[in-house]
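Protein chains in written order, with the working numbering: chain A, 1 to 315; chain B, 1 to 315.
Here is the structure we will look at, set down as structure tokens.
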DNA sequence: CTGAAAGCGCTTACAG
DNA sequence: CTGAAAGCGCTTACAG
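In structure tokens, the structure reads:
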């Protein structure tokens, strides 16, 4: 076929506005260039950032991202997973709504197509791939930091055991508190919401004694605590120290800025995509569990930092 | 066909894990139950919230949402729009990256399938549907409010004319300032980023005189200004008042809380879905332009509110 | 090397 | 009322 013909065909196609029908292509080829992700709540800045990173990684591989929101509800999660599977997406990233109750749905879908759990996992998931952070070590970093800042009495304000993340952070808190010989007040447990942090601040203020430091389950709770304490005239870090978890933009926006356990969002997305590609190449591949390290990101909520010039002159 | 047979078929299908292949269904039917949305940045809390509302509205109609991120870049936007069109989605919601340069891509896609512009629009778009807020009135609400709080000199810190929202808010600022007889300092113009607000605060502090109030182009810029002023010891609302725009969760999280122009996210999604359904029903339907009203949401960044009990006793 | 046919999984319209 | 055929748009494998 001559070059001229090729050009003519292309030009005519363009002129007529021809566009490949991705549906026909996908049907013929068994799947198309779409990957799905199911998150509990896109409006949580952590998941928004994570989705952003995944979208970025995937677009380099010419893959599109279909985003679904489970609202953290079991039936919605199943419906979303089945909708994605029914569309024969190449693979699915899932942040399970529940540690225990999401297991059947996640396992079922994982039997049908490549699936990688992200951030949270379900129980007995040795056959399933997972990419997330070392939550226990993250909480350890936060606790050691406030201990160094002089905190003796601490309290955990976080989420319940319904999610793997909730239970991992909560248990790590108890373990590390003991290791460090700190005193722990009764924890306050609910959900990852700003409003919860707000009300938790009130409950803490009403206690006979305020703890020296509050370890929050995530940045939303931490910023809620910050706002709640501000309303009630409790000074942070003057009266109490606060740490968050995730390292979202919220930590910059609040005042004082928040000390938080930084999750490596870009690396999570990279590792997640890598795992998914592995599963796509070899459907029988065992599910690897990837635990990435967190880093402590210091803000002003755990005490004013010694400025670098001052710290130099002190040395 | 007997009931027993029906049941047997269903049970067997279930046992074998049969699942309708949405691809075949879609190919046969010409389209499937998927709607696409292209936003400039999912990690902007405003767009995250908007996506959340759209997802909510659509799921009631059994429609799935395919989310794409243009990063505010022209080529990426075109690529995403074409990918969605190639998949023969039912329709597309688009937040155009540019007022002028996005026009060809948006128009082209809109000729192929139902498309509704959301939040931002392109120029000469009388044929295209649009749903957004009355930005001019929103800026008016903010300016009248700071004027009532005693501000005489004001400044606009917002985004440039590349987006319809940027130009609408900026021009409204100039118009209303004149109407109210306020004095305006030289505006500072860049992009909708927290970091920009941060640097703008520094530039304002370095001016010979601080304005009485800063009208920010959105909540990200406003919270950036807040954080920037806090770092440089400028008191808000003591030394300067600040207003935001959007009404995101950021307005609650910052300290002081932010007075902001609240966009009715849920109503925008409702109206957007309604317009899209109209276009789907009647492809030739003229593109309606829906402008929804904003409301002023008062925070502490424009002066401590008189508490309701105090205001009652004062009356 | 070119061109026509087969088939992905579905649903609708039609023949029996 | 039941069952087989046609066709959505694509790509791959095969016949000419």
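Positions of the beta carbon are idealized from the N, C-alpha and C atoms, including for glycine.
This structure is a prediction, so every number in the text was calculated from the model and none was measured.
query	result
Nearest to residue 147(B) by alpha carbon, out of 69(B), 64(B), 181(B), 38(B)?	181(B)
Could you list the residues in the segment 6-21 of chain A with a C-beta less than 8 Å from some C-beta on chain B, going in chain order?	17, 19, 20, 21
According to DSSP, simplified to helix, strand and coil, what is residue 149(A)?	coil
Please report how far the alpha carbon of residue 176(B) lies from the alpha carbon of residue 266(B), in whole angstroms.	28 Å
Mind pulling the chain A residues with CB within less than 9 Å of residue 194(B)?	249, 252, 253
Taking DSSP as the reference, what is the three-state secondary structure of residue 227(B)?	helix
Taking only heavy atoms of the ligand HEM into account, decide whether any of them is closer than 7 Å to the Cβ of residue 271(B).	Among the ligands in the structure shown, none appear at all, so the ligand HEM cannot be discussed.
Among all the DSSP beta bridges, which residues are the ones paired with residue 42(A)?	Paired residue(s): none; residue 42(A) is not in a bridge.
Who are the near neighbours of residue 169(B) in its chain, counting only those whose CB is closer than 6 Å to its CB and skipping five residues on each side?	135, 139, 158, 217
Within 10 angstroms of the Cβ of residue 310(A), are there 16 or more other Cβ atoms? Answer buried if so, exposed if not.	Its pLDDT being 36, under 50, residue 310(A) is placed unreliably in this model, and the coordinates cannot settle the point.
Going along chain B in order, which residues have a C-beta closer than 8 Å to the C-beta of residue 24(A)?	27
By the 8 Å beta-carbon criterion, what residues does the segment 225-245 of chain B contribute toward chain A?	226, 227, 230
Mind listing which residues of the segment 67-84 of chain A have their C-beta closer than 9 Å to chain B's C-betas, in chain order?	67, 68, 69, 71, 76, 79, 80, 82, 83, 84
From the DSSP output, which residues share a beta bridge with residue 64(B)?	34(B)
Would you mind giving the Cβ-Cβ distance between residue 129(B) and residue 279(B), rounded to the nearest angstrom? I have them listed as a contact below 8 Å.	6 Å
Assign residue 316(B) to buried or exposed, taking buried as 16 or more other Cβ atoms, counted over all protein chains shown, within 10 Å of its Cβ.	The structure shown does not extend to residue 316(B), since chain B spans only 1 to 315, so no value can be given for it.
For residue 92(B), I'd like the list of residues in its chain whose CB is within less than 6 Å of its CB, leaving aside the five on either flank, ordered along the chain.	36, 84, 115
Along the chain, where does the alpha helix (DSSP H) that runs through residue 112(B) open and close?	103-112
If you draw a straight line from the alpha carbon of residue 273(A) to that of residue 290(A), how long is it in whole angstroms?	12 Å
Starting from residue 138(B), find everything on chain A with Cβ-Cβ shorter than 8 Å and list it in chain order.	Per Cβ cutoff of 8 Å: no residues; residue 138(B) is ~21 Å from chain A at best.
Please classify residue 60(B) as buried or exposed, where buried requires at least 16 other C-beta atoms within 10 Å of its C-beta.	exposed
Expressed to the nearest angstrom, what Euclidean distance is found between the alpha-carbon atoms of residue 214(A) and residue 240(A)?	7 Å
Kindly indicate if chain B contains any beta-carbon less than 8 Å away from that of residue 90(A).	no
Answer yes or no: do residue 161(B) and residue 99(B) have a C-beta to C-beta separation smaller than 8 Å?	yes
Looking only at C-alpha atoms, which of 257(B), 163(B), 209(B) sits nearest to residue 227(B)?	257(B)
Could you name the residues of chain B that residue 43(A) contacts, counting a contact when the two beta carbons are closer than 7 Å?	48, 49, 52
Just confirm the distance between the C-beta atoms of residue 90(B) and residue 21(A), as a whole number of angstroms; I'd bet it's less than 8 Å.	Actually they are not in contact, since the Cβ atoms of residue 90(B) and residue 21(A) sit about 14 Å apart, beyond 8 Å.
Exposed or buried, residue 192(A), counting other C-beta atoms within 10 Å across all chains shown (16 or more means buried)?	buried
Among 269(A), 294(A), 232(A), which has the Cα closest to the Cα of residue 203(A)?	232(A)
Curious, which full-length beta strand (DSSP E) runs of at least 3 residues does the segment 122-197 of chain A contain?	129-133, 153-159, 188-190
Considering only the alpha carbon of each residue, which of 277(B), 145(B), 155(B) lies closest to residue 57(B)?	277(B)
When you compare the CB positions of residue 294(B) and residue 250(B), do they come within less than 8 Å of one another, or not?	no
Please classify residue 141(B) as buried or exposed, where buried requires at least 16 neighbouring CB atoms within 10 angstroms.	buried
Would residue 39(B) and residue 95(B) be called neighbours here (beta carbons separated by less than 8 Å)?	yes
Excluding five sequence neighbours on each side, which residues of the same chain lie with their C-beta closer than 8 Å to the C-beta of residue 210(A)?	204, 234, 239, 240
Would residue 54(B) and residue 248(B) be called neighbours here (beta carbons separated by less than 8 Å)?	no
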